[in-house]
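Q:
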Amino acid sequence: MSARSKARKRALDVLFESEVRGLPVGGTLPDRIEDNDPPVNEFTVALVEGVAKHIGAIDDLLSAHSVGWTLDRMPAVDRNILRIGAYELLYDDQVPDVVAVSEAVALARDLSTDESPAFVNGLLARLLQLKPTLGV
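Just so we're aligned, residue 16 is where the sequence shown starts under the working numbering, counting upward by one.
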């Protein structure tokens, strides 16, 4: 697993933990940075802070383009994988679009249900298709 893939997994851990604990998006990041076990690198921080900064727009897009699933109905791990993927796809020019989608699908394959990789791939592919018209 590459360093960036590990950083994405760590960002997912932070986002998931924050949600489970009922904290704001990324609310556990300061504690994880302080504990530094496992280490929290700059890319993890950038992902968590980026998702937190754009959470309203990201969640609106995911809700609008998710066929048959509301955000609340999605498994929490899928919801947060999609948030990271959407952030990278729409707001991080340093990450190629295909990499953002591929990495999100890999996380879903490793950490979620059997159906999750196809769901994540389909929803992020739809956002990629719409990206030129989204104005983000």
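Virtual Cβ for every residue (Gly too), placed ideally from N, Cα, C.
Source: prediction; values computed, not measured.
Would you give the residue range spanned by the alpha helix (DSSP H) that residue 66 belongs to?
A: Taking the sequence shown and counting its residues from 1, the one referred to as residue 66 is at position 51. That run of the alpha helix (DSSP H) goes 57-80.
Q: Would you please state the rounded distance, in angstroms, between the beta carbons of residue 123 and residue 131? I believe it to be under 8 Å.
A: Position 108 of the sequence shown, counted from the start, is the residue given in the question as residue 123. Position 116 of the sequence shown, counted from the start, is the residue given in the question as residue 131. Contact flag correct, Cβ pair sits at about 4 Å.
Q: Around the C-beta of residue 51, are 16 or more other C-beta atoms found within 10 angstroms, so that it is buried, or is it exposed?
A: By 1-based counting over the sequence shown, the position of residue 51 is 36. Exposed, since its Cβ has fewer than 16 Cβ neighbours within 10 Å.
Q: When DSSP labels each residue in this structure, what does residue 136 get in the three-state scheme?
A: Position 121 of the sequence shown, counted from the first residue, corresponds to residue 136. Residue 136: helix per DSSP, three-state reduction.
Q: Count the C-beta pairs between the segment 85-94 and the segment 43-58 that are closer than 8 Å, then say yes if the count reaches three, no if not.
A: Result no; under three Cβ-Cβ pairs closer than 8 Å.
Q: Measure the CB-CB distance between residue 9 and residue 41 and report whether it falls below 7 Å.
A: In the structure displayed, the chain extends from 16 to 151; residue 9 sits before or after that span and is not available.
Q: Just to check, is the beta-carbon of residue 111 closer than 6 Å to a non-hydrogen atom of the ligand SAM?
A: Ligands displayed in this structure: none; no statement on the ligand SAM is therefore possible.
Q: With the cut-off set at 7 Å, would you say residue 103 and residue 91 are in Cβ contact?
A: Indexing the sequence shown from 1 puts residue 103 at position 88. Indexing the sequence shown from 1 puts residue 91 at position 76. No, the pair does not count as a contact, with Cβ atoms beyond the cut-off.
Q: Going along the chain, which residues of its own chain have a beta-carbon closer than 7 Å to the beta-carbon of residue 26, five neighbours each way excluded?
A: For the purposes of this step, residue 26 is taken as the residue at position 11 of the sequence shown. Cβ neighbours of residue 26 beyond the five flanking positions: 59, 62, 63, 99.
Q: Between the alpha carbons of residue 112 and residue 143, how many angstroms are there, rounded?
A: Counting from one through the sequence shown, the residue named residue 112 turns up at place 97. Counting from one through the sequence shown, the residue named residue 143 turns up at place 128. For residue 112 and residue 143, the distance between alpha carbons rounds to 7 Å.
Q: Alpha carbons only, please: which of 83, 80, 39 is nearest the one belonging to residue 70?
A: In the sequence shown, the residue the question calls residue 70 occupies position 55. Out of 83, 80, 39, 39 has the C-alpha closest to the C-alpha of residue 70.
Q: Quick one: what's got a C-beta closer than 8 Å to residue 29's C-beta in the same chain, skipping five residues either side?
A: Sequence index remark: in the sequence shown, residue 29 carries index 14 (1-based). Excluding positions up to five away in sequence, the list reads 41, 43, 44, 47, 55, 59, 63.
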